[in-house]
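Q: Below is the structure I would like to discuss, written out as structure tokens.
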Amino acid sequence: MKLVYVFDAYCGWSHAFSGTLEEVVARHPDLPVEVVSGGLFTGQRRVPIREFGFIKGANAQITERTGARFGDAFDALLADGSFVMDSEAAARGLIALRQAAPERAAELAVAMQRAFFHDGLSLSDAKTYRTIADAFGLDSDAVVGTFKTSAADADFALAARLGVSSYPTLIAMRGNDAFVLARGHAAAEQIEQRLATLG
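All the letters of the sequence shown, read from the start, carry residue numbers 1163 to 1361 under our numbering.
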């Protein structure tokens, strides 16, 4: 059995799920975790962040319901309003980090979200991935090279094939059978109970 975590690095609810994901991974060190990017902000949704007027209110709700925090640098980005979230670029960043350390994909996904939602860094900027790679002791030149040359299509296609249309979604895979453990926010204990029913 393995876990498949489908998230979008620019999704506030995915950011809120980071603590749960870290806890589940810590409790099951022998359970492989595959991380897949969804395409929340692609095509016509690639517009300045001010166009999504709901984000500030949604983030307040996320903090209230989950305790997840948003950093001052991110709040400044939101207040400025000109930043463009591009899920395709973020997916390429995940691919680059994942390729460098596949067994640490969950940690790296959390680090990407921290870079944006705490530090206000762009997930379209190669420097962000160099910073994350250096922090994890990875080959930052290789990570940046992969970021610049990879394509997000396979990740988006896999998310669609798994039937995922909202983020985050955590799935347990046993062979070709998929069991949804969480869609949106869930506590680690809830996921433990669902995992237990799968044996």
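Glycine included, C-beta positions come from ideal geometry on N, C-alpha and C.
Would you please state the rounded distance, in angstroms, between the beta carbons of T1228 and A1178? I believe it to be under 8 Å.
A: 4 Å
Q: Does the segment 1206-1221 come close enough to the segment 1288-1302 that 3 or more CB-CB pairs lie under 8 Å?
A: With a cut-off of 8 Å, the segment 1206-1221 and the segment 1288-1302 do not count as touching, because too few Cβ pairs lie within range.
Q: Less than 6 Å between C-beta atoms, sequence neighbours within five positions excluded: which residues of the same chain meet that for P1330?
A: F1169, S1176, F1179
Q: Going by the CB atoms, is the gap between G1255 and F1298 shorter than 7 Å?
A: The answer is no: Cβ separation not under 7 Å.
Q: Which residue wins for smallest C-alpha separation from A1267, given the options A1322, S1327, A1253?
A: A1253
Q: For F1232, which residues in the same chain have their Cβ closer than 6 Å to its Cβ, ignoring the five residues on either side in sequence?
A: These residues qualify, in order along the chain: N1221, F1279.
Q: Mind checking whether A1334 and L1165 have CB atoms under 7 Å apart?
A: yes
Q: By how many angstroms is the C-alpha of I1217 removed from the C-alpha of T1311?
A: Taken atom to atom, the span from the alpha-carbon of T1311 to that of I1217 is near 31 Å.
Q: Please name the residue, chosen from G1200, C1173, G1174, T1182, that lies closest to L1343 on a Cα-to-Cα basis.
A: T1182
Q: DSSP puts T1331 in a beta bridge; with which residues?
A: Bridge partners of T1331: V1168, R1345.
Q: Beta carbon of A1267: closer than 6 Å to some heavy atom of the ligand FMN?
A: As for the ligand FMN, it is missing from this structure, which has no ligand bound.
Q: Rounded to a whole number of angstroms, what is the C-alpha to C-alpha distance between A1348 and A1273?
A: So the two alpha carbons sit approximately 20 Å from each other.
Q: Compare the C-alpha of T1173 against each of I1224, G1205, E1185 and name the closest.
A: Here the sequence assigns Cys to residue 1173, which means Thr is not the residue at that position. The candidate whose alpha carbon is nearest that of C1173 is I1224.
Q: Quick check: what's the CA-CA separation for F1214 versus D1248?
A: Taking the CA atoms as reference points, F1214 sits about 13 Å from D1248.
Q: Run the CB neighbour count on R1336, radius 10 Å, all protein chains shown included, and call it buried at 16 or more, exposed below.
A: exposed
Q: Which term fits G1200, buried or exposed, when burial requires 16 or more other beta carbons within 10 angstroms of its beta carbon?
A: buried
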